[in-house]
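Read left to right, the sequence shown gives residues 91 to 843 (my numbering). Virtual Cβ for every residue (Gly too), placed ideally from N, Cα, C. Scroll down for the structure; my scribbles are underneath it.
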Amino acid sequence: MDMAQREVVTVTLRITAIIQSFKKKSSLRMFRAVPIDKNTHLKTSKTDFYFVATPADKLALEPCQGQVWTIKGPASTETTPSKRGGKLVDRTMSMHHPHRCTYVMPKGNHAFVEFIKNEPAFKGISADKAKALWIKFGPEIFSLLENAEAAKLQAVDGITASKASILIKGYKKFGNLKYSVWLTSKQIPPEIQHKIFALPTTVKNSRGIEVDVNPVDLVSRNPYCLVNFGLSFAKTDQIATKHFNVAATAKQRLIAAVTDALRAHTVKGHTIAKARDLLVKLTALLGTKSLAELALECGYDSQAYIFNDRTGTYQHTPVYLWENVVARRLLKLKKRSNDPLFDVHAKRLCDAAIAQENARLAQISPDLSLAEQQMAAIHQSVGAAVSCITGGAGTGKTTVLNSVLSVYQQLGYTIKAMALSARAAMRTQESIESLGLKATTIAKFLHEAPLEAPHKKYLVVIDEASMLDLTTMYRIVIHTDPRVRFLLCGDPAQLPPIGPGRVLADIVDSRVIVNTALKIVKRQDQTTGIPAYSAKIRDGIVPADLSTGSIHFHDVDFDNIAAKCASLYAKEPRNCRVVASTNQLVGEINSLCQQTVNAGAALLPSKTGERLYHHDPVLFTANNYEQNVQNGTLGQLTCVKQTETSYGTVRIDGSGELIELTKDLLAIINPGYAITVHKAQGSQFPRVIIGLTAGNFVDRAWLYTAITRAEIELHIVCPRAKLASIIKNPSKMSLRKTTLTQLLLTSDNDANE
């Protein structure tokens, strides 16, 4: 192998593989490519290969396999003997941080055919059809595509209306190239450009006349609009100052800073802010306190926020809308709770459901029966147009829910059951399938047609509602008819939502909406000690005995957490799961478990993604709707034999369904010996090991949620002082500043006066 000195080259390349794209959290884009002729797009060498690593802001659009680019920059050349034998020598040119990257549109017949064939945007258009288009129109084809002249395209044999639509829609990505070049020159990243290009191409002005939306004009008028597309204020400020000479006191700059400060506060889970919360952030963004105060004034004038004189709080205008809409819908449903639904017939159905459930329980054990709380929950949830069933793990929420849904079915209601995560939705599905009902994710529900109820009665059931944030609840509310009933089920002491708000906890705290809090543990065997233990954690009490019953505390220093968790897992791997506090710890434990539990197993033959071995438990970390795989799905790698269509197979936990591992799935699959608590929420496992690292990643709600994942046996691994500190300090959710509770109380009191 020989490495040459770096020299500046200009070369036209076709991308053969993407190594790192915008889907990864990195400013770099990396890909492999081969050299081609800039006019014909034919390969110019069988032995030369390129590796390119470039900052995102150098690219006019996101790179993908098959694209052609001209790259100029320094290249270092590595030569190796060819695997093909003979005297051939392979050369790999590595180009890091090139000076310029220019996307190349096709200029000839062959180049156009390759362009259509390789671009994912034109999927469904064959090479023969592409060739026929070029023969018919030549370079004019680009004008036809840009102007969406479908009728002319269909003049070519085989180009149907649907294929013409594919061509026109696919070309929009490249029709924006003229704008993309300009945006890139202003250092606007491709991922932000994609969001800008997703805007409608025309809008109606104040006179109702359609006008073109020009991205160049949009950004030139107000470069701080980039904040609305997800670019940070700091990066936007650099662009605005460098390329548009925006003054420090410019109104558009100050308003953008206020918007960014409000959003940053929302990201922390709050829905309202005090002046001091915003001024600290604004001073950091703008440099001086005087500019921060001026920004607050500008934000008020532009209606970027709503100021509450009575409470002295600021609320981002969209968040104000969300919280008020949710509060009003809940209160409107509460008023409808006096409808004649809960009549003598409904009461009889509830009593019959209770009797049926008691009979079922008596067959299991003569001492088993529904508690008074559970019977009250059944009556109240049927009698109220909006209600909650809350309680810790094992308190019988599922039992109550099944009885309630059985009654609603007999009353002629169509039931839409859902949960936020795929794993939680799967568990809900398992619990209600005896009624012939299905559960889905909230995301899937929101992609369906809005739920209208003029001639049909609906009940929306949201399970694991502690995970429900304000944004999602607002979207559900506006997606449903005001007459649709709601039933929320969950444990408000568990992890708070990732997004802003704490919907379930706020509703429960208000005491305005009917809520039955179940407290008597029904599921977990009291002899395990887990129910009492978790109750103390929830209440902030450090148990006198950290090890008791089936609970085992291991006082281990932080450096040995991963090793201890792996060794505990190895003792009894069946029906066991490690719940770890950080992604880094998850990765370390997974690697150690592979070495100790699955040593010698065959490696999955793939160079992308995580290292996976035959028999590994696995976790899918994102949705793949084409193969019906959802984020949080757990399974086991049952085969690592590569075929033409897959790299192996995974057997899904619960359903037992076999899923073929495609290249797309490889990008979203991890070992699943250890998972985060967010992936575990909504699930239970017979044996749970909890590993805690240093830092403030874990609070009381996190620990309580992790502990209640265990059904039979629990292990906690961390230093003793760390565990005590987590239990004693209030959870982060309790520190969230929201106003939904107050809105429910105030509006309800006003309605009763």
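Q: Between the Cα of T672 and those of K268, F787 and T831, spot the shortest distance and give me the residue it belongs to.
A: Indexing the sequence shown from 1 puts residue 672 at position 582. Selected option, being the one with the closest Cα: F787.
Q) Are the beta-carbon atoms belonging to V632 and I817 less than 7 Å from one another? A) Position 542 of the sequence shown, counting from 1, holds the residue named residue 632. Position 727 of the sequence shown, counting from 1, holds the residue named residue 817. Cβ atoms of V632 and I817: closer than 7 Å.
Q. Going along the chain, which residues of its own chain have a beta-carbon closer than 7 Å to the beta-carbon of R573, five neighbours each way excluded?
A. In the sequence shown, counting from the first residue as 1, residue 573 sits at position 483. So the qualifying residues of the chain are A543.
Q | Helix, strand or coil at A588 according to DSSP, with G and I counted as helix | A | Position 498 of the sequence shown holds residue 588. According to the sequence displayed, residue 588 carries Ile and not Ala. Of the three classes helix, strand and coil, the one that applies to I588 here is coil, per DSSP.
Q. By Cβ distance below 7 Å, which residues in the same chain neighbour D92 in space, the five residues on each side in sequence not counted?
A. For the purposes of this step, residue 92 is taken as the residue at position 2 of the sequence shown. Unreliable placement is indicated for D92, whose pLDDT of 43 sits below 50; the coordinate value is still reported in the next sentence. T169, listed in sequence order.
Q | Start-to-end residues for the alpha helix (DSSP H) that takes in M516 | A | One-based indexing of the sequence shown puts residue 516 at position 426. That run of the alpha helix (DSSP H) goes A512 to I522.
Q) Under a three-way DSSP split, which group does H644 fall into? A) Within the sequence shown, the letter at position 554 stands for residue 644. The three-state reading of DSSP puts H644 in strand, counting E and B together.
**Q.** For R777 and L804, the rounded distance between their alpha carbons
**A.** Counting from one through the sequence shown, the residue named residue 804 turns up at place 714. Counting from one through the sequence shown, the residue named residue 777 turns up at place 687. Taking the straight line from one Cα to the other gives about 6 Å.
Q) When burial is assigned at 16 or more other CB atoms within 10 Å of the CB, is Q328 buried or exposed? A) Translated into positions along the sequence shown, residue 328 becomes position 238. Q328 is exposed by the Cβ-count criterion.
**Q.** Selected residue, minimal CA-CA separation from Q674, among V309, V416, V602 and P761
**A.** Translated into positions along the sequence shown, residue 674 becomes position 584. Nearest of V309, V416, V602 and P761 to Q674, Cα basis: P761.
Q) Can you name the start and end residues of the alpha helix (DSSP H) that F334 belongs to? A) Stepping through the sequence shown from its first residue, residue 334 is reached at position 244. In the DSSP assignment, F334 falls within the alpha helix (DSSP H) that extends over F323 to F334.
Q) How long is the line joining the alpha carbons of A443 and I610, rounded to whole angstroms? A) By 1-based counting over the sequence shown, the position of residue 443 is 353. By 1-based counting over the sequence shown, the position of residue 610 is 520. In this structure, the CA atom of A443 is about 20 Å from the CA atom of I610.
Q: Starting from G855, follow the alpha helix (DSSP H) in both directions and report where the run begins and ends.
A: Given that the chain is displayed from residue 91 to residue 843, the structure contains no residue 855 and the question cannot be resolved.
**Q.** Reduced DSSP secondary structure (H/G/I, E/B, other) of D787
**A.** Counted from its first residue, the sequence shown places residue 787 at position 697. It should be noted that the sequence gives Phe, not Asp, for residue 787. In the displayed model, F787 falls within coil according to three-state DSSP, outside both helix and strand.
Q) Would you call Y715 buried or exposed, if buried means 16 or more other Cβ atoms sit within 10 Å of its Cβ? A) Locating residue 715 in the sequence shown gives position 625, where the first residue counts as 1. Answer is exposed; the Cβ neighbour count stays below 16.
Q) Per the contact definition of three or more C-beta pairs closer than 8 Å, is the segment 579-596 in contact with the segment 352-366? A) Output reads yes: the segment 579-596 touches the segment 352-366.
Q | Start and end residues, beta strand (DSSP E) containing D138 | A | As a first step, residue 138 is located in the sequence shown; it is residue number 48 there, counting from the start. Looking at the DSSP string, the run of the beta strand (DSSP E) that includes D138 is D138 to P145.
Q: Within the same chain, show all residues whose beta-carbon is closer than 7 Å to that of G744, passing over the 5 residues directly before and after it, in chain order.
A: The count along the sequence shown starts at 1 and reaches residue 744 at position 654. Correct list, in chain order: M516 and E520.
Q) If we ignore side chains and look at the alpha-carbon of each, how far apart do I278 and L368 end up? A) For this step, residue 278 is matched to residue 188 along the sequence shown. For this step, residue 368 is matched to residue 278 along the sequence shown. Those two C-alpha atoms are separated by around 27 Å.
**Q.** Distance, Q584 Cα to F112 Cα
**A.** For this step, residue 112 is matched to residue 22 along the sequence shown. For this step, residue 584 is matched to residue 494 along the sequence shown. With a pLDDT of only 49 at F112, under the threshold of 50, the placement of this residue in the model should not be trusted; the figure read from the coordinates follows. The alpha-carbon separation between F112 and Q584 amounts to approximately 33 Å.
(Q) For V551 and K487, which I take to be in contact (beta-carbon distance under 8 Å), what is that distance rounded to the nearest angstrom? (A) By 1-based counting over the sequence shown, the position of residue 551 is 461. By 1-based counting over the sequence shown, the position of residue 487 is 397. Under the criterion of beta carbons closer than 8 Å, V551 and K487 do not qualify as touching, at roughly 11 Å.
**Q.** alpha helix (DSSP H) segments (min. 4 residues) lying fully within the segment 797-834
**A.** Here the runs fully enclosed are 810-818.
**Q.** Paired residues, beta bridge with Q405 - DSSP
**A.** Within the sequence shown, numbered from 1, the residue matching residue 405 stands at position 315. Answer is I396.
**Q.** Chain-order list of residues whose beta-carbon lies under 6 Å from that of I362 (same chain, five-residue window excluded)
**A.** Looking up residue 362 in the sequence shown gives position 272. Once the five neighbours on either side are set aside, the close Cβ partners of I362 are T403, Q405, K827 and T829.
Q: Within the same chain, show all residues whose beta-carbon is closer than 6 Å to that of L869, passing over the 5 residues directly before and after it, in chain order.
A: Absent from the model: residue 869. The displayed extent of the chain is 91 to 843, so no value can be given.
Q: Locate the alpha helix (DSSP H) running through I282, then write down its first and last residues.
A: Walking along the sequence shown from the start, residue 282 turns up at place 192. Run containing I282: P280 to F287, per the alpha helix (DSSP H) assignment.
Q | Identity of the residues DSSP links to K162 by a beta bridge | A | Taking the sequence shown and counting its residues from 1, the one referred to as residue 162 is at position 72. Its beta-bridge partners are T100 and R190.
Q.
Pop quiz: H569 and L541 are said to be a contact at Cβ under 8 Å. What is the actual Cβ separation, rounded to whole angstroms?
A. Here the question's residue 569 lines up with position 479 in the sequence shown. Here the question's residue 541 lines up with position 451 in the sequence shown. About 6 Å separates the Cβ atoms of H569 and L541, confirming a contact at the 8 Å cut-off.
Q) Would DSSP call M195 helix, strand or coil? A) By one-based count along the sequence shown, residue 195 stands at place 105. Correct three-state label for M195: coil.
Q: Kindly indicate which residue of M465, A107 and S681 has the alpha-carbon position closest to the one of V158.
A: If you number the sequence shown from 1, residue 158 lands on position 68. Residue A107 is the option with its Cα nearest to V158.
(Q) Using a Cβ-Cβ cutoff of less than 6 Å, which residues in the same chain neighbour A217 once the five nearest sequence positions on both sides are dropped? (A) Residue 217 sits at position 127 when you count from the first residue of the sequence shown. The answer, listed in chain order, is V203 and K207.
Q) Are A796 and V668 closer than 7 Å when you measure CB to CB? A) In the sequence shown, the residue the question calls residue 796 occupies position 706. In the sequence shown, the residue the question calls residue 668 occupies position 578. No, these two residues do not count as a Cβ contact at 7 Å.
Q) Hey, how far is the Cα of K425 from the Cα of Q446? A) Indexing the sequence shown from 1 puts residue 425 at position 335. Indexing the sequence shown from 1 puts residue 446 at position 356. K425 and Q446 have their C-alpha atoms some 31 Å from each other.
**Q.** Nearest-angstrom Cα separation, counted from D350 out to V317
**A.** Position 227 of the sequence shown holds residue 317. Position 260 of the sequence shown holds residue 350. In a straight line, the C-alpha of V317 is about 7 Å away from that of D350.
Q) Would you call the segment 494-501 and the segment 738-753 touching, i.e. three or more CB-CB distances under 8 Å? A) The segment 494-501 is not in contact with the segment 738-753.
Q.
For N312 and F287, which I take to be in contact (beta-carbon distance under 8 Å), what is that distance rounded to the nearest angstrom?
A. As a first step, residue 312 must be located in the sequence shown, where it is residue number 222. As a first step, residue 287 must be located in the sequence shown, where it is residue number 197. No, N312 and F287 are not in contact; Cβ-Cβ is about 18 Å, not under 8 Å.
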